[in-house]
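Note that the protein sequences, when read in sequence, are chains A and B. Position in the first sequence (from 1) plus 544 gives the number in the numbering used here. Position in the second sequence (from 1) plus 23 gives the number in the numbering used here. A short write-up of the structure that comes next.
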Amino acid sequence: MLLDIQNLTKRFGGLTAVSNVSFGVERGEIVGIFGPNGSGKTTTLSLIAGILKPTSGAIVWKDRDISTLTPFEVAQQGLVKTFQNPQLFPELTVAQHMRIACHLHVKRALGIGRLRTLFSGMPAELDRTLEHKIGQMLELCRLSSQRNDEAGALSYGGEKMLGVAMGMVCDPELLLLDEPASGLGHDEITNLDAVLRDLKSHGVTLCIIDHKVGFLGRLADRSIALHHGAVIATGKTEDVLANEAVVAAYLGKKHA
Amino acid sequence: MKYAIAVGLLLALVAPAVVHSDSILAIAIYGFMAASLAVSFNLIFGFTGQLSMFHAASFGVSAYVVTILVTTFKWNFWLAIIPALVVVMILSLIVGTICFRFKLKEFYFAVVTMAFSEVLRLITLNWNSVTNGSLGITVVDKPSIWTPSGSFAISSGVSWYYLTLALLVIVYIICHRILASWIGRCLAAIRLNDQLGETLGIDVFKYKLLSFAIGSVLAGLVGAFYGFYSGFVEPHYFSIPLGLDIIAMVLLGGVNSLIGPVIGALVLTALPHVIELSAELRIALYGSILIFVILVMPKGIVGLLTSRKHAA
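Laid out in structure tokens, this is it:
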């Protein structure tokens with residue numbers, strides 16, 4: 545198993561945001577995490593990404609507990625998270641964002657040899673590889689035409705796609721997407737759906753949270769439903785969505 | 024801009040052949056040292072987004088260490104620079120580690136670094152047996168360099184002019200290489216959105232500390248020379264007004280550029296001599312310039328020049 549979440553709990557004072565959550569992610573699959581607002585989805589993802597520290601429980605990544613690592617160490621391990629509200633570097637262009645996101649790639653390629661680039665500049669071959677990769681990723685995320693635009697000038701959907709593109713260019717083994725579809729229009733969601741399927745076909749494992757059942761319902765191989773911080777259903781996506789407890793959590797008991 | 028810098032450097036190189044006034048040379052020498060300080064400060068402030076008030080302290084500590092080693096322990100000047108820079112590096116790593124581990128930002132970082140700076144100033148002021156307290160230390164030695172025809176003391180205005188110009192070029196090139204490399208991209212990420220940078224795998228703590236330490240050591244390098252040119256070191260080197268002068272130079276010249284602080288430093292060093300003013304009025308002038316720049320041209324002189332060019 546690539547990622548194994550074991551009895552994860554997070555308390556903020558008296559509030560238990562995530563309660564005893566356990567699930568696993570296998571290599572190459574798309575796992576969806578559903579739940580209405582306030583069900584602990586984002587907290588769970590932030591715990592995995594190292595942004596928050598769990599109160600108890602373990603986050604096992606390739607047989608190693610990573611729950612004490614900092615966010616950049618988690619990213620170096622191959623788990624990269626995108627943000628629900630698009631996070632940008634103001635003033636910089638789309639291409640410059642991508643160049644910064646290539647940090648891990650350059651680090652892996654050159655290691656301590658990066659010190660040499662202080663004198664001689666980036667090796668031309670690596671530079672070409674990065675440019676090619678950035679071009680490919682922007683193409684995939686439909687951002688090629690805005691490559692040299694300031695990222696702040698992108699539409700909301702464009703900013704979200706840039707987040708996905710930056711996450712992808714880190715070469716993650718597992719990409720954690722925090723509500724990638726929220727705030728997007730119909731066409732943008734169709735586009736996102738295509739992009740994520742494309743990523744899957746390239747062998748990337750995805751863990752996506754959303755409260756939009758329709759979008760994620762079509763995409764996820766397997767799903768986990770959260771309510772009040774606890775897992776209420778897990779299994780094949782269509783079974784989870786048909787689960788009485790899940791329907792009750794979303795629509796109230798009358799509809800279950 | 025590249026051509027403008029090259030032309031400026033060329034003019035600076037030939038200037039002493041044309042200008043024979045000692046006072047103008049002295050202004051240029053102080054200007055070059057101030058510019059080196061401002062460029063190294065801008066690595067921490069303008070490019071990493073950390074408002075360090077420790078810069079004057081790094082400058083002062085190094086000036087004192089070199090002076091004490093040379094005057095009291097009779098070390099060679101060039102050799103004494105090494106321990107001075109090591110001391111500055113250790114101090115900046117300690118201060119930086121404390122501040123960045125506790126994730127101090129903006130004003131909190133400025134206030135804490137200012138407090139460390141004050142501690143060092145008070146130690147210098149009160150450690151009479153070593154630092155000679157408020158009187159400071161008079162420096163009579165001059166650094167010398169070895170030439171095939173024998174040892175050559177750097178004492179004339181022209182030799183100091185070229186030495187400090189070389190210092191500025193070295194500091195500038197070091198900062199330029201750093202900013203053009205992957206480190207520069209990490210620093211930009213930290214300045215603009217450190218949380219996003221961290222999720223992209225950037226060790227924010229390490230790169231903040233690196234920028235702070237390199238900037239501080241470069242300030243130390245300037246400090247090493249300063250006392251030997253001016254002829255004395257005194258606790259005033261650590262003072263908050265010196266720290267504020269550096270900020271004024273950077274803001275006037277342009278925060279987001281490497282050459283901006285050079286222009287700002289040269290202008291602010293020359294200005295009081297062009298318009299002869301008393302010390303009190305000089306401080307008032309500095310203050311007014313800061314307010315004016317922040318209100319009217321937030322990107323400084325360089326920002327103004329480049330935007331004109333784009334408009335044209």
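C-beta: ideal position from N, C-alpha, C; glycine also. The structure displayed is predicted, hence computed values, not measured ones.
Proximity below 9 Å, CB of residue i to CB of residue j
i	j	result
Phe-70 (chain B)	Arg-214 (chain B)	yes
Leu-743 (chain A)	Lys-625 (chain A)	no
Ala-107 (chain B)	Gly-266 (chain B)	no
Val-118 (chain B)	Phe-235 (chain B)	yes
Gly-579 (chain A)	Leu-770 (chain A)	yes
Ala-61 (chain B)	Ile-269 (chain B)	yes
Val-638 (chain A)	Leu-706 (chain A)	yes
Trp-101 (chain B)	Pro-39 (chain B)	no
Glu-717 (chain A)	Thr-749 (chain A)	yes
Ala-307 (chain B)	Gly-287 (chain B)	no
Gly-779 (chain A)	Arg-766 (chain A)	yes
Val-181 (chain B)	Leu-32 (chain B)	no
Ala-211 (chain B)	Ile-678 (chain A)	no
Ala-593 (chain A)	Leu-623 (chain A)	yes
Leu-251 (chain B)	Asp-164 (chain B)	Going by the sequence as given, residue 251 (chain B) is Phe instead of Leu. In this structure, Asp-164 (chain B) lies closer than 9 Å to Phe-251 (chain B) by Cβ.
Gln-690 (chain A)	Leu-684 (chain A)	no
Proximal residues to residue i (C-beta, below 7 Å), its chain only, five neighbours per side dropped
i	result
Val-562 (chain A)	Leu-552, Thr-553, Lys-554, Gly-584, Thr-587, Thr-588, Leu-591 and Gly-773
Leu-74 (chain B)	Phe-68, Glu-129, Phe-132 and Ala-133
Val-111 (chain B)	Ser-81, Val-84, Ser-85, Ser-239, Val-240 and Gly-243
Leu-687 (chain A)	Val-638, Gly-702, Met-705, Leu-706 and Ala-709
Ala-176 (chain B)	Lys-165 and Ser-167
Gly-316 (chain B)	Checking the displayed sequence, the identity of residue 316 (chain B) turns out to be Val instead of Gly. Cβ within range, chain order: Leu-274, Leu-275 and Gly-323.
Per-residue DSSP class, three states only, for residue i
i	result
Gly-729 (chain A)	coil
Thr-71 (chain B)	coil
Trp-101 (chain B)	helix
Ala-335 (chain B)	Note that Ala-335 (chain B) scores 48 on pLDDT, short of 50, meaning its location in the model is unreliable; the coordinates nonetheless yield the value given after this. In this structure, Ala-335 (chain B) counts as coil in the three-state DSSP scheme.
Val-748 (chain A)	coil
Arg-571 (chain A)	coil
Glu-257 (chain B)	coil
Thr-136 (chain B)	helix
Thr-95 (chain B)	coil
Asp-722 (chain A)	strand
Ile-206 (chain B)	helix
Ala-107 (chain B)	helix
His-199 (chain B)	helix
Arg-686 (chain A)	coil
Glu-299 (chain B)	coil
Ser-169 (chain B)	Inspection of the sequence shows that residue 169 (chain B) is occupied by Trp rather than by Ser. Here Trp-169 (chain B) sits in strand by DSSP.
Phe-77 (chain B)	coil
Leu-770 (chain A)	strand
Status (buried if at least 16 other CB within 10 Å, exposed otherwise) for residue i
i	result
Trp-150 (chain B)	exposed
Leu-223 (chain B)	buried
Leu-728 (chain A)	buried
Leu-659 (chain A)	exposed
Ile-282 (chain B)	buried
Ser-63 (chain B)	buried
Ala-335 (chain B)	Legend: pLDDT at Ala-335 (chain B) = 48, less than 50; position of this residue unreliable, value from coordinates given subsequently. The residue is exposed, with fewer than 16 neighbouring Cβ atoms inside 10 Å.
Trp-169 (chain B)	exposed
Phe-123 (chain B)	buried
Pro-598 (chain A)	buried
Val-256 (chain B)	buried
Val-319 (chain B)	exposed
His-641 (chain A)	buried
Met-545 (chain A)	exposed
Ile-237 (chain B)	buried
Leu-232 (chain B)	buried
Ile-160 (chain B)	buried
Asp-226 (chain B)	buried
Beta-carbon separation (whole angstroms), residue i vs residue j, contact threshold 8 Å
i	j	result
Pro-634 (chain A)	Gly-696 (chain A)	6 Å
Thr-94 (chain B)	Phe-261 (chain B)	That pair is no contact at about 19 Å.
Leu-158 (chain B)	Phe-248 (chain B)	Not quite, the Cβ-Cβ distance comes to about 22 Å (not below 8 Å), so this is no contact.
Val-89 (chain B)	Ile-104 (chain B)	6 Å
Gly-207 (chain B)	Gly-277 (chain B)	That belief does not hold up - the Cβ atoms of Gly-207 (chain B) and Gly-277 (chain B) are roughly 17 Å apart, past 8 Å.
Ile-801 (chain A)	Ala-764 (chain A)	The structure shown has nothing for residue 801 (chain A), since chain A only spans 545 to 800.
Tyr-184 (chain B)	Cys-209 (chain B)	Actually they are not in contact, since the Cβ atoms of Tyr-184 (chain B) and Cys-209 (chain B) sit about 36 Å apart, beyond 8 Å.
Phe-77 (chain B)	Ser-140 (chain B)	5 Å
Gly-576 (chain A)	Ile-733 (chain A)	At roughly 14 Å, the Cβ-Cβ gap does not stay under 8 Å, so Gly-576 (chain A) and Ile-733 (chain A) are not in contact.
Leu-648 (chain A)	Ser-204 (chain B)	Between Ser-204 (chain B) and Leu-648 (chain A) the Cβ distance is about 16 Å, and since that is not below 8 Å, they are no contact.
Ser-280 (chain B)	Val-194 (chain B)	Not really, about 15 Å apart at Cβ, beyond 8 Å.
Close beta carbons around residue i, own chain, < 6 Å, minus the five adjacent residues each side
i	result
Val-30 (chain B)	none
Thr-612 (chain A)	none
Asp-542 (chain A)	With chain A covering only 545 through 800, there is no way to say anything about residue 542 (chain A).
Asp-548 (chain A)	Gly-568 and Val-604
Sequence-distant residues of the same chain with beta carbon closer than 8 Å to residue i, five excluded per side
i	result
Ile-776 (chain A)	Ala-769, Leu-770, Asn-787, Ala-789, Val-790 and Ala-793
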